[in-house]
Amino acid sequence: MDGRHSRSARTRAALLDAAIEIICTEGVAAATQRAVAARAGTSLASTTYHFSTADDLLVAAFELTCSRTLADFRRLEQEVVARRMTLLDAAMELVGRAPYGTHVPADGVIQLTLTAIHEPRLRPIADAFVEGFSALFRPLVQPPAAADTLVRALSGLILHEMARGAATPTATMRADMARLFAAFGIPVTDTDPARHEEPE
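Residue 497 in our numbering sits at position 171 of the sequence shown, and the numbers go up by one each step.
Rendered as structure tokens:
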């Protein structure tokens with residue numbers, strides 16, 4: 327029984343990894359149960375055994391995406407202290423190293439946010455992500471509730487940065503982020519964000 331349970335857990339994990347990969351590389355609409363089963367190298371029957379509907383699979387995949395993302399944020403927070411990085415440098419590193427997974431583009435949470443517009447079941451997951459992300463900034467801003475606003479604004483910056491299609495974070499992204507932090511009273515070393523602007 328233990329062996330069967332272990333195999334079942336591995337299959338479920340493989341299905342979730344496959345779903346996340348498809349969501350991030352091809353979009354939510356492409357993450358059908360059949361496509362996920364094929365990507366995971368398992369049968370459609372196995373997929374429906376673990377996830378009765380495509381929506382169930384989607385919810386579980388986004389829950390895992392957010393959990394992994396927040397865990398990566400916390401690891402980076404520890405690195406900031408250990409390496410004495412500035413918050414701005416840490417934020418740029420976060421954007422640059424595909425933080426939402428080690429093998430997929432950094433847009434899992436963005437996909438979640440966009441999909442939640444039309445899918446009510448995803449809204450609590452999106453809200454929980456903002457809450458978890460905001461917790462990292464609450465000690466830095468006043469009032470602490472402003473951290474939620476900061477995180478939502480930062481998510482918008484990341485969305486527009488991704489839309490540029492650049493291979494690495496742009497100088498404009500750094501300048502925008504420096505202005506955003508400064509507006510919320512968070513010290514940054516870049517005293518003149520305009521100097522980072524890209525030439526016309």
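Built from N, CA and C at the ideal position, the CB exists for glycine as well.
- V477 carries a helical assignment under DSSP once its states are collapsed to helix, strand and coil.
- When the five nearest sequence neighbours on each side are left out, the beta carbons in the same chain lying within less than 8 Å of the beta carbon of A479 are those of L506, in order along the chain.
- Assigned with DSSP and collapsed to three states, F388 falls in helix.
- Considering only R500, R336, I512 and D415, the residue with the shortest C-alpha distance to A473 is I512.
- In the DSSP assignment, D433 falls outside any alpha helix (DSSP H), carrying neither H nor E.
- At least 9 Å separates the beta-carbon of L440 from that of A387.
- For Q359, the enclosing alpha helix (DSSP H) has its first and last residue at Q359 to A366.
- Membership of E457 in the alpha helix (DSSP H) is indicated by the continuous run R449 to F463.
- Cβ-Cβ separation between A357 and L384: approximately 7 Å, consistent with a contact (criterion under 8 Å).
- Using a 10 angstroms sphere on the CB of I451, the tally of other CB atoms reaches 16 or more, which defines it as buried.
- Its chain contains Q359, R360 and A363 as the residues whose beta carbon lies nearer than 7 Å to that of L370, once the 5 sequence neighbours on both sides are disregarded; these appear in chain order.
- Excluding its 5 nearest sequence neighbours in each direction, D502 has C-beta neighbours in its own chain below 6 Å: L483, listed in chain order.
- Approximately 6 Å separates the beta-carbon atoms of R447 and D381; this is inside 8 Å, confirming the contact.
- With respect to the 9 Å criterion, E403 and L466 are not classified as neighbours on the basis of their beta carbons.
- Here R365 is near A345, since their CB atoms are less than 9 Å apart.
- Taking the CA atoms as reference points, E347 sits about 18 Å from L396.
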